[in-house]
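These notes are about the structure you will find just below.
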Amino acid sequence: MRSQKHTKKKRRAGWAGLLLLLSSLLPASLALAQPAPADGMPHGGGDGEWTMAARDHAGTRFSPLAEITSANAAKLQPAFTFSTGVVRGHEAAPLVVGGTMYIVGPYPNTLFALDLAKPGAPLKWKFEPRPEAGSQGVACCDQVNRGAAYADGRIFFNTLDNQTLAVDAASGAELWRAKLGDIRSGETMTMAPLVVRNKVLVGNSGGEFGVRGWLAALDAATGKTVWRAWSTGPDSDVLIGPQFKPFYAQDRGKDLGVSSWPPEAWKIGGGNAWGWISYDPELDLVYYGTGNPGPWNPEQRPGDNRWTAGIFARRPDTGEAVWFYQFSPHDLHDYDGVNENILVDAEVGGKPRKVLVHPDRNGHVYLLDRASGEVLSARPFVKVTTSLGVDLQTGRLRQDPAREPKVGKTIRGICPASPGGKDWQPSAYSPRTRLVYIPHQNLCQDSQSSQVSYIAGTPYVGTDARMYAGPGGQRGRFTAWDPAAGKAAWTKEENFPVWSGALATAGDVVFYGTMDGWFKALDAHTGALLWQYRTDSGIIGQPVSYRGPDGRQYVAVLSGVGGWAGAVVSGDLDARDGTAALGFANAMRDLPAATRKGGKLYAFKLPD
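Sequential numbering from 48 applies to the sequence shown in the working numbering.
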């Protein structure tokens, strides 16, 4: 039995790590179709460009370029590299507009513009936003940035200290900046913006510090806040009005963002919007997920804790909520709902439907009707012990009480672990293969809950966790998921979690990176390895493909290990402390021997 002194010592060690980084069958008749264009424009602004992190508003991360194929991918070779000069986790997707590539790095969030028309892609300009240094101390899960967005001659991006900026894409001159949050409360911003018409959509991070989540729309020309929708609180704050019509009965009622919490707890309840946003121009709806409720210890927040760990559909012009679905009511294990929502057209039961595909942290791949929020299917894609599937009549996740955390009791065999079946790392979808390519992890954990007090700007967690490899011993997987069959078409095992994004191309090649630095090309149909290249540091970035000024197809990715999974390296954590990085260090003890810190862009092409 551990002494009280020893327990407090271990909690302090875990907090120190945080501060350093801080079922059902699918209808057989379903057939995925080509996603509709995002807003009347070609995907990504042109078949050779990449103007937003996901390339299109549907979130497909699919490039229509087909010069690189399964027959010639083995010939890929480096075209050029570029060092960012920063050695923290590099999670961003580069942008390509015309003959220029734009890269935003982790803190201090420098924006670089590279001239692709010149040999070696030299630097055209760089913009230094100079965020507050104190933001580094309250950044959960490393000082990452997940990318920028381009629209109408401007580059939009966020800084760690809660600023959104607009920069002239041609000159690098600052056009405006908007301060949206306060690092003194533990609030940060790491997500990639999405531009819908004339609005820049951004959200905040900080659930592990009791930060109340929100999504905001800024005027693209001025930076002025047009609307802000909170994830918890009264309907007036959440922008719930007469048009709000959730599909399931449990989500209907007045001020559920207050009544589903203990008194006043919603004010420090998390639900941050730090992940991905999609947009359907025909339905005129934006979709985004909300993060975990705070604290992790669920006994301190009885109730469903709306509107956390779920997905909102909203009107982009007003922010008005149209529907909501909660993936994990009364979240027990840090299963944020912020993962990507890939928009596709489908045939279900012989009838066309607009659906979204969402691989969730709770271990299920969801298929939802994106007009109504109805769950059409939810199938596990990893080992799941924390729940018994999804009840399609009520839409509720049937959580297993045997894995419910209790103060003072160690709960073992929690699968998936807190980073989920997959975390932020985005999937890709190919309309050619009709498969979703999911980069993810295979982790379980043991955890123990404790009472925790809220102090602004300090960790608000209340859980000690120790993660470890799941069934089979491999900690990572790259899975091609077939929604029509409701199962994996093929899976590649990886030693470490696959913490990078995925890229699918019209050449029927898919790309991803590994935490020990391998950038890989696989046959999109079979999963056969076609090519791999070892980079200087582990890869947690998002690969992209573009057509260069020379007319050739390129593939590019940032290397630079870090993020929550790689904090043991980027944050110089002591891997002997199993609770460091909220328990992730326990599963990554051997990562420092497999890779090193870095920060470099790699671009590849076929030989001339």
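Even glycine gets a Cβ: it sits at the ideal position worked out from N, Cα and C.
Beta-carbon proximity list for residue i, same chain, < 6 Å, skipping 5 on both sides
i      : result
Ser419 : Phe294
Gly523 : Gln488, Glu541, Phe543, Pro544, Val545
Asn633 : Arg513, Met514, Gly625
Asp351 : Ser307, Pro376, His377
Tyr197 : Thr98, Leu142, Val144
Asp637 : none
Thr131 : Gly152, Gly646
Asp655 : none
Where residue i sits in the DSSP three-state scheme
i      : result
Asn633 : helix
Leu475 : According to the sequence provided, residue 475 is Ala. The question's Leu does not apply to it. In the structure shown, Ala475 sits in a strand (DSSP, three-state: E or B).
Val608 : coil
Ala622 : coil
Lys673 : Lying before the first or after the last residue shown, residue 673 is absent from the chain, which here runs from 48 to 655.
Ala264 : strand
Arg299 : coil
Ser617 : helix
Pro654 : coil
Pro448 : helix
Leu403 : strand
Gly646 : coil
Pro141 : coil
Thr398 : One point to set straight first is that residue 398 is Lys, not Thr, in the sequence displayed. Three-state DSSP puts Lys398 in a strand.
Ala672 : There is no way to answer for residue 672, as the model of the chain reaches only from 48 to 655.
Span separating the alpha-carbon of residue i from that of residue j
i      : j      : result
Leu414 : Gly442 : 12 Å
Pro166 : Phe651 : 14 Å
Val185 : Gly233 : 5 Å
Val369 : Pro289 : 9 Å
Phe631 : Ser218 : 41 Å
Ala78  : Pro478 : Here the model assigns Ala78 a pLDDT of 43, short of 50, so the residue's position is not dependable, and the following value carries that caveat. One C-alpha to the other measures close to 10 Å.
Thr211 : Arg108 : 24 Å
Ala80  : Gly338 : Here the model assigns Ala80 a pLDDT of 42, short of 50, so the residue's position is not dependable, and the following value carries that caveat. The straight-line gap from Cα to Cα measures roughly 29 Å.
Thr432 : Gly270 : 45 Å
Ser592 : Glu96  : 8 Å
Val402 : Val412 : 13 Å
Lys171 : Arg193 : 22 Å
Ser496 : Trp343 : 8 Å
Gly410 : Ala527 : 15 Å
Lys430 : Gln521 : 12 Å
Gln492 : Asn156 : 33 Å
Ala264 : Gly519 : 44 Å
Ser465 : Gly317 : 15 Å
Val243 : Glu367 : 15 Å
Leu577 : Pro363 : 41 Å
Cβ neighbours of residue i in the same chain (closer than 8 Å, five flanking residues each side left out)
i      : result
Glu451 : Pro345, Leu379, Ile458
Asn209 : Ser182, Lys226, Leu227, Gly228, Asp229, Ile230, Glu234, Thr235, Met236, Asn251
Tyr372 : Pro293, Phe294, Tyr295, Asp298, Gly357, Ile358, Leu415, Gly420, Val422, Gly442
Asp583 : Gly564, Ser606, Arg643, Gly645, Lys647
Arg445 : Ser434, Leu435, Gly436, Val437, Asp438
Gln579 : Trp565, Phe566, Lys567, Ala568
Reference residue i; option with closest CA among the options
i      : options                        : result
Glu329 : Pro240, Thr582, Met635, Arg417 : Arg417
Gln472 : Val144, His137, Pro176, Val243 : His137
Val191 : Val616, Thr116, Ala139         : Ala139
Asp470 : Glu387, Lys246, Gly194, Arg108 : Glu387
Val144 : Thr128, Ala100, Gly357         : Ala100
Pro406 : Gly517, Pro530, Tyr149         : Pro530
Arg177 : Ala105, Leu158, Arg193         : Leu158
Pro448 : Gln440, Gly455, Val454, Leu435 : Leu435
Gly504 : Trp313, Ser182, Pro111, Glu394 : Ser182
Thr480 : Ser494, Gly574, Leu207         : Gly574
Trp499 : Gly509, Gln492, Gly254, Leu123 : One detail in the question is off: residue 499 reads as Val in this sequence, not Trp. Closest by alpha carbon: Gly509.
Leu490 : Gly384, Cys462, Asp511, Tyr507 : Cys462
Val285 : Lys567, Arg259, Pro310, Arg599 : Arg259
Ala105 : Ile324, Pro363, Gly341         : Ile324
Tyr507 : Ala464, Asp381, Ser117         : Asp381
Phe174 : Asp189, Asp199, Ala213         : Ala213
Thr128 : Val604, Asp619, Gly455, Pro427 : Val604
Pro590 : Leu653, Tyr649, Ala118         : Tyr649
Residues near residue i in its chain [Cβ-Cβ closer than 7 Å; skip 5 each side]
i      : result
Leu262 : Leu248, Gly250, Ala276, Ala320, Tyr335
Val557 : Ala475, Tyr484, Ala549, Leu550, Ala551, Leu569, Ala571
Lys301 : Asp282
Ala312 : Arg348
Asp597 : none
Within-8 Å CB hit, residue i to chain B
i      : result
Arg224 : Protein chain content of the structure displayed is limited to a single chain, and chain B is not contained in it.
- Residue ranges of each alpha helix (DSSP H) within the segment 537-566, 4 or longer: The alpha helix (DSSP H) runs lying completely inside the segment 537-566 and spanning 4 residues or more number zero.
- Message: To test your reading of the DSSP string, which unbroken beta strand (DSSP E) runs of 3 or more residues are found completely within the segment 301-374?
- Response: Taking 3 residues as the minimum length, the beta strand (DSSP E) runs contained wholly in the segment 301-374 are 324-327, 332-336, 357-361, 368-373, in order along the chain.
- Task: Any chance you could list the beta strand (DSSP E) runs of at least 3 consecutive residues sitting entirely within the segment 167-222, in chain order?
- Result: Counting only runs of 3+ residues, the beta strand (DSSP E) found wholly inside the segment 167-222 occupies 170-174, 196-198, 201-206, 210-215, in chain order.
- Complete alpha helix (DSSP H) runs within the segment 226-288 (minimum length 4 residues, chain order): Those alpha helix (DSSP H) runs which fall completely within the segment 226-288 and span 4+ residues are 282-285.
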